[in-house]
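S.K.: Residue numbers (this note's numbering): 384 to 579.
Here it is: the structure, laid out below.
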């Protein structure tokens, strides 16, 4: 077992010894572990977002700017400018997209950490599914309880000050860079410049 797991093991295994009933203890302990992984993941992703927020904003604004330029060039019939601006828009969008994908890893790392610890303790555990010949291992149980923990936490998440602040920041995004321009809207603007 990894030294980190050895250090945490006495504390984590305590969650699995609350009632003295093996099945109940396994489910309660796994639910508690899933909640801990979820909360640590939520805190990690929110802190990582605050760190890279300006870079994401810059890449998103750049993508919107070049997307608008490419649409305007298309309306004007300038294919060379359209292709160049569209390439820059795609590059900026890709940069923003992959930064946001990297943030999602910050949400999941605690779940993988918890599963790694569980593999040392519960690798041979199989729970028989009721009315079925199938069973569920520790990974399946953890995933189901992680999803349940996610939906339970979702109800109270934005009542907590830190997450409420993050939500306010995220809610401010739609008006920041503007709505994406559609070709038909730009063409209409060119035909009728006085209308909005």
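Where a beta carbon is used, it is the ideal one built from N, C-alpha and C, also for glycine.
Since this is a predicted model, take the numbers as computed values, not measurements.
Does the beta-carbon of residue 479 have 16 or more other beta-carbons within 10 angstroms, so that it is buried, or is it exposed?
M.R.: Residue 479 should be labelled buried.
S.K.: From residue 398 to residue 422, what distance separates their C-alpha atoms?
M.R.: Each residue's alpha carbon lies about 16 Å from the other.
S.K.: Tell me which residues share the same chain as residue 558 and place their Cβ nearer than 6 Å to its Cβ, disregarding the 5 neighbours each side in the sequence.
M.R.: Low confidence applies here, because residue 558 scores a pLDDT of 49, under 50, leaving its location unreliable; read the following figure in that light. Cβ neighbours of residue 558 beyond the five flanking positions: none.
S.K.: When you compare only the Cα positions, how much space is there between residue 448 and residue 474?
M.R.: Near 12 Å, if we compare the C-alpha coordinates of residue 474 and residue 448.
S.K.: Cα separation between residue 536 and residue 429?
M.R.: Rounded to whole angstroms, residue 536 to residue 429 spans 15 Å at the Cα level.
S.K.: What residue ranges within the region 471-553 form continuous beta strand (DSSP E) runs of no fewer than 3 residues, ordered along the chain?
M.R.: List check, beta strand (DSSP E) in window: 509-511 and 518-520.
S.K.: Excluding the five sequence neighbours on either side, which residues of its own chain have a C-beta within less than 7 Å of the C-beta of residue 533, listed in chain order?
M.R.: Around residue 533: 421.
S.K.: Is there contact between the region 397-416 and the region 424-442, where contact requires at least three CB pairs shorter than 8 Å?
M.R.: Cβ pair count under 8 Å is below three, so no.
S.K.: Using only alpha-carbon positions, find the residue among 504, 432 and 530 that is nearest to residue 393.
M.R.: Of the candidates 504, 432 and 530, the one whose C-alpha sits nearest the C-alpha of residue 393 is 504.
S.K.: Assuming contact is defined by CB atoms lying nearer than 9 Å, are residue 520 and residue 510 in contact in what I supplied?
M.R.: Yes. Within cutoff.
S.K.: Taking the beta carbon of residue 404 as the centre, do at least 16 other beta carbons fall within 10 Å, making it buried, or is it exposed?
M.R.: The residue is exposed, with fewer than 16 neighbouring Cβ atoms inside 10 Å.
S.K.: Is it buried or exposed, residue 442, if we count other Cβ atoms within 10 angstroms and call 16 or more buried?
M.R.: Buried.
S.K.: CB residue 508 to CB residue 409, shorter than 9 Å?
M.R.: Contact: yes.
S.K.: With respect to the alpha helix (DSSP H) encompassing residue 451, which residues constitute its N-terminal and C-terminal limits?
M.R.: From DSSP, the alpha helix (DSSP H) with residue 451 extends over 405-459.
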